[in-house]
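Asks: This is the structure, below, for whatever I ask next.
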Amino acid sequence: MGHLHHATFGWLTPVLSYVMACIGAALGLRCTVRALASTGRARRNWLLTAASALGTGIWTMHFVAMLGFSVSGTDIRYDVPLTILSLLVAVVVVSAGVFAVGYSRDRNRALLLGGLTTGLGVASMHYLGMAAVRLHGAVRYDPMLVGLSVLIAVVAATAALWAALNISSPVAVTVASLVMGAAVSSMHYTGMFAVSVHVTPSGSPLPGATAMQFIFPLAVGLGSYLFLTSAFVALSPTAGEREASASAQRPVVGAAR
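With the sequence shown counted from 1, adding 22 to any position gets you the numbering used here.
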């Protein structure tokens, strides 16, 4: 039985992964709030931004945490196509949940269905990412902890969508994002604690890429996307600010005439 290390670099990867989850949650919530205050193409664009931010935030959280994952007695590699597929799954299922909430007339029903769909999708992303792990040995899971991790994912997703519908102030969004980051991190580490590995020593090379060859550059790229999107959202005026600006300009135009 190989000994599993979930924080090979100490607190660096858990803390950094939590930060990524919080940034993704904050962006997703702020963009959804903007979407619900908009119509037409603007609503669609804000919902797309919200879904991409949430999806990439969750995926980046998972694989930043995986940078600290190691198993004694074996190297670890990652199957590149499966890893990319897990990213696509994260973005697609989060998009389904966000658009269900953004466009449904019965928002309570959309909240339940969207939360369930998104939560199962997030869990699928996690375990698809784990299926991409290549090592010398056999990976097994504790069914009870797997079930608990899926439940946490569904509850966290439902809470995120509820927050998007009911929270609009920046302070409340910040608090909700911190809670959401904790929930997503809890789901990840609950799923990781469900893992056990029976190592079979071997000198043969493992297929796939190392974490530093593939996961780290991709996580850095997605993290940069989140920070750039944060700047864009922060600098974009809200619907209320645009209306206030337009109202302030009307008397000036009238006076000029």
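For glycine and all other residues, C-beta sits at the position ideal for the given N, C-alpha and C.
Please work out which residues of its chain come closer than 6 Å, Cβ to Cβ, to residue 172, disregarding the five sequence neighbours upstream and downstream, and give them in chain order.
Replies: Walking along the sequence shown from the start, residue 172 turns up at place 150. Result list for residue 172: 145, in chain order.
Asks: Using only the alpha-carbon positions, how far apart do residue 216 and residue 238 sit?
Replies: Counting from one through the sequence shown, the residue named residue 216 turns up at place 194. Counting from one through the sequence shown, the residue named residue 238 turns up at place 216. Rounded to the nearest angstrom, the two C-alpha atoms are 24 Å apart.
Asks: Just mark residue 253 as buried or exposed, buried being the case when its beta carbon has 16 or more other beta carbons within 10 Å.
Replies: Position 231 of the sequence shown, counted from the start, is the residue given in the question as residue 253. Flag for residue 253 reads exposed.
Asks: Shortest alpha-carbon distance to residue 25 belongs to which of 133, 220, 37?
Replies: As a first step, residue 25 is located in the sequence shown; it is residue number 3 there, counting from the start. Comparing Cα-Cα distances from residue 25 to each of 133, 220, 37, the minimum goes to 220.
Asks: Under 8 Å: do the segment 54-74 and the segment 117-127 share three or more Cβ pairs, one atom per stretch?
Replies: With the cut-off at 8 Å, the segment 54-74 and the segment 117-127 touch.
Asks: With H, G and I counted as helix, E and B as strand and the rest as coil, what does DSSP make of residue 246?
Replies: Taking the sequence shown and counting its residues from 1, one reaches residue 246 at position 224. DSSP places residue 246 in helix when its eight states are reduced to three.
Asks: When the Cα atoms are used, what is the spatial distance from residue 28 to residue 211?
Replies: Taking the first residue of the sequence shown as 1, we reach residue 28 at position 6. Taking the first residue of the sequence shown as 1, we reach residue 211 at position 189. Residue 28 and residue 211: Cα-Cα distance of roughly 8 Å.
Asks: Would you kindly check if the distance between the Cβ of residue 154 and the Cβ of residue 78 is under 7 Å?
Replies: For the purposes of this step, residue 78 is taken as the residue at position 56 of the sequence shown. For the purposes of this step, residue 154 is taken as the residue at position 132 of the sequence shown. Cβ atoms of residue 78 and residue 154: not closer than 7 Å.
Asks: Exposed or buried, residue 202, counting other C-beta atoms within 10 Å across all chains shown (16 or more means buried)?
Replies: Taking the sequence shown and counting its residues from 1, one reaches residue 202 at position 180. Buried, because 16 or more other Cβ atoms sit within 10 Å of the Cβ of residue 202.
Asks: Using a 10 Å radius around the Cβ and a threshold of 16 neighbouring Cβ atoms, would you call residue 232 buried or exposed?
Replies: On the sequence shown, residue 232 is found 210 positions in, with the first residue counted as 1. With fewer than 16 other Cβ atoms within 10 Å, it is exposed.
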